[in-house]
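In this note's numbering, the protein residues as written are 3 to 136.
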Amino acid sequence: LHTYYSLSTHLLRLLIGFNSRHHITPLLASLHWFPVRFRIEFKILLITFKALLGLALSYMTEMLTPYESVCSLISSGGTLVAVPKSRLKSKGDRAFAIRALLLWNDLPEEIRLADSVSSFKSLLKTHFYRLAFM
3 LHTYYSLSTH LLRLLIGFNS RHHITPLLAS LHWFPVRFRI EFKILLITFK ALLGLALSYM
63 TEMLTPYESV CSLISSGGTL VAVPKSRLKS KGDRAFAIRA LLLWNDLPEE IRLADSVSSF
123 KSLLKTHFYR LAFM
C-alpha cells in the first residue's frame, strides 16, 4: 500500500506541477481523494452494507449475524453484528469475514442506520473526509 500511495502522490505532483517540498495533503483534500486505507475501508463497508440489505451475494449475507447482547440496553440500536473469533491474530483479523465486521461495528450509529445505499455512501464519505483531513 505504501508503494501505491507513493506512486499516486508522485504522479499527482507531476500532473499539478508541485515539487516535493509542497505538502500533498491539502491538494488531496481539495480533490476529495482519500488515502488508500480509507478507499479500501470504504469498499469493504459498502459491500457489508449491501450484504445487510440483502443486495450482495448470498454467501456474504450469511456471514453477518446480528449482535445480541447478554443484557438488553435501551441504547442498543440493533445495528451491530457479531464478530467471530479468529485463530490467527495477525492474518486472521485481515480476512474479509472478520475485518468487515470490525469496521462495521466501529462506525457511528447514524451511518449504520442509513436507509439507502446512496445515503450510506454520502455519510461514509463525509465521515472518512473528517477522519483523513480534519
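Where is the CB? At the ideal position from N, CA and C, for every residue including glycine.
Would residue i be called buried (16 or more neighbouring beta carbons within 10 Å of its own) or exposed?
i, result
"Leu139", "One cannot answer for residue 139 here, as it falls past the ends of the chain, which runs 3 to 136."
"Phe1", "Outside the shown range of the chain (3 to 136) lies residue 1, about which nothing can therefore be said."
"Ile76", "At Ile76 the pLDDT is 47, less than 50, meaning the model places this residue with poor confidence and gives no usable figure here."
"Phe122", "buried"
"Leu133", "exposed"
"Thr5", "exposed"
"Leu9", "exposed"
"Leu47", "buried"
Taking residue i as part of the alpha helix (DSSP H), name the residues at either end of that continuous run.
i, result
"Asp108", "Phe98 to Asp108"
"Ser118", "No alpha helix (DSSP H) contains Ser118, which DSSP labels as neither H nor E."
"Thr5", "His4 to Ile18"
"Thr50", "Val38 to Leu55"
"Ser32", "Thr27 to Leu33"
Quick one, which of the options has its alpha-carbon nearest residue i's?
i, options, result
"Thr128", "Tyr6, Arg41 and Leu9", "Arg41"
"Ser124", "Leu59, Phe44, Leu30 and Thr81", "Phe44"
"His54", "Leu82, Asp108 and Leu133", "Per the sequence shown, residue 54 should be read as Leu rather than His. Looking at the Cα atoms, Leu82 is the closest of the given residues."
"Met136", "Leu17, Leu30 and Ser10", "Leu30"
"Tyr131", "Arg39, Ile18 and Ile100", "Arg39"
Practice problem: Count the C-beta pairs between the stretch 110-119 and the stretch 23-30 that are closer than 8 Å, then say yes if the count reaches three, no if not. | Solution: By the Cβ test, the stretch 110-119 is not in contact with the stretch 23-30, since fewer than three Cβ pairs between them sit closer than 8 Å.
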